[in-house]
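In numbering that gives the first Met the number 0, the protein residues as written are 0 to 253.
Even glycine gets a Cβ: it sits at the ideal position worked out from N, Cα and C.
As the structure is a computational prediction, the values presented were derived from the model and not from experiment.
Data block below; observations after.
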Amino acid sequence: MLQQTQVARVLPRYEAFLDRWPTPAACAASSVADVVTAWAGLGYNRRAVNLHRCATAVAHDHGGRLPADLAGLLALPGIGPYTARAVLAFAHEADGVGVLDTNAARILARWTGRPLGRAEAQDAADLAVPEGRSWAWNQAMLDLGATVCRKRAPRCDACPVAVDCAWRVAGNPEPDPAVGSAGVSGGQSRFEGSDRQGRGRLVDALRAGPVPAHALPAATGWPDDPDRASRVAATLVADGLARVDPTGTHHLPS
Numbered sequence: 000m001l002q003q004t005q006v007a008r009v010l011p012r013y014e015a016f017l018d019r020w021p022t023p024a025a026c027a028a029s030s031v032a033d034v035v036t037a038w039a040g041l042g043y044n045r046r047a048v049n050l051h052r053c054a055t056a057v058a059h060d061h062g063g064r065l066p067a068d069l070a071g072l073l074a075l076p077g078i079g080p081y082t083a084r085a086v087l088a089f090a091h092e093a094d095g096v097g098v099l100d101t102n103a104a105r106i107l108a109r110w111t112g113r114p115l116g117r118a119e120a121q122d123a124a125d126l127a128v129p130e131g132r133s134w135a136w137n138q139a140m141l142d143l144g145a146t147v148c149r150k151r152a153p154r155c156d157a158c159p160v161a162v163d164c165a166w167r168v169a170g171n172p173e174p175d176p177a178v179g180s181a182g183v184s185g186g187q188s189r190f191e192g193s194d195r196q197g198r199g200r201l202v203d204a205l206r207a208g209p210v211p212a213h214a215l216p217a218a219t220g221w222p223d224d225p226d227r228a229s230r231v232a233a234t235l236v237a238d239g240l241a242r243v244d245p246t247g248t249h250h251l252p253s
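In structure tokens, the structure reads:
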């Protein structure tokens with residue numbers, strides 16, 4: 000839930016979600032539509048589908064418990080390198096596991112003074128973790144990047160590693176080594192008027208009930224562009240966020 004969504008928006012939904020589905024088995028026993036409906040307001044609705052698929056795999060193939068190893072976690076639907084390492088670091092406090100989000104990746108690129116490749120950045124993140132301090136270290140890295148080593152106007156004067164930071168020691172020259180470094184997110188495309196906005200509108204409409212084919216343009220917010228509305232609706236079906244019946248009516252997945 001926290002991926003690309005602010006903590007303040009997540010907390011009440013997280014608590015309500017766990018009240019309703021306290022275990023992977025409980026989530027797996029519900030329909031995808033129920034999970035997508037509960038996800039309202041969190042954005043990036045495909046995460047809800049992936050969460051249901053993951054819960055189903057955990058319940059059916061792992062006795063209801065998440066794997067405690069990297070390979071096992073990466074084999075689960077919807078689990079990528081960041082999420083797998085976050086589970087290992089924060090749930091299992093595994094040694095030698097660095098959580099490489101955009102904040103940690105920015106710190107490492109600036110600290111080394113150059114853009115890093117994906118494997119290089121992950122190796123640096125893993126090697127930096129002090130033995131027995133995985134949970135605290137990774138929390139600190141995420142916070143340091145969010146509040147001090149910021150994308151814009153970094154607070155180098157308040158940084159505890161400034162004395163060892165190659166970029167700082169060099170006088171913060173341009174270009175910033177974090178730009179283009181692996182794991183550091185770039186600027187996001189405009190949301191207003193985008194296909195993402197149309198997808199979100201259609202999912203919101205589907206939460207309220209089925210949407211017939213003739214209503215797709217209005218539901219997506221493009222009443223004068225039925226071709227675009229149909230194309231975006233097809234992407235929801237492909238992503239498992241919607242299903243379409245023989246009449247062309249769209250529904251949430253069953």
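Query: Indicate whether Gly220 and Asn44 have their beta-carbon atoms separated by less than 8 Å.; Result: no
Query: State yes or no: is the C-beta of Gly182 within less than 8 Å of the C-beta of Leu99?; Result: yes
Query: How long is the line joining the alpha carbons of Pro23 and Val86, rounded to whole angstroms?; Result: 15 Å
Query: With 16 as the cutoff for other CB atoms within 10 Å, does Ser180 come out buried or exposed?; Result: buried
Query: Going by beta carbon distance, what residues of the same chain come within less than 6 Å of Pro211, once the five residues before and after it are set aside?; Result: Thr248
Query: With DSSP as the reference, please indicate the residues paired to Arg242 in a beta bridge.; Result: His250
Query: If we ignore side chains and look at the alpha-carbon of each, how far apart do Trp136 and Ala127 end up?; Result: 9 Å
Query: Pull the bridge partners of Ala210 from the DSSP assignment, please.; Result: For the sequence presented, residue 210 should be read as Val rather than Ala. Answer is His249.
Query: Does the separation of the CB atoms of Leu69 and Ile78 fall below 8 Å?; Result: no
Query: Could you check where the alpha helix (DSSP H) with Phe89 kicks off and where it finishes?; Result: 80 to 89
Query: Measure the C-alpha to C-alpha separation of Val48 and Gly131 and round it to an integer number of angstroms.; Result: 35 Å
Query: Where Ala157 and Ala124 are concerned, what is the direct C-alpha to C-alpha distance, given to the nearest angstrom?; Result: 21 Å
Query: Thr111 lies in the alpha helix (DSSP H); which residues open and close that run?; Result: 101 to 111
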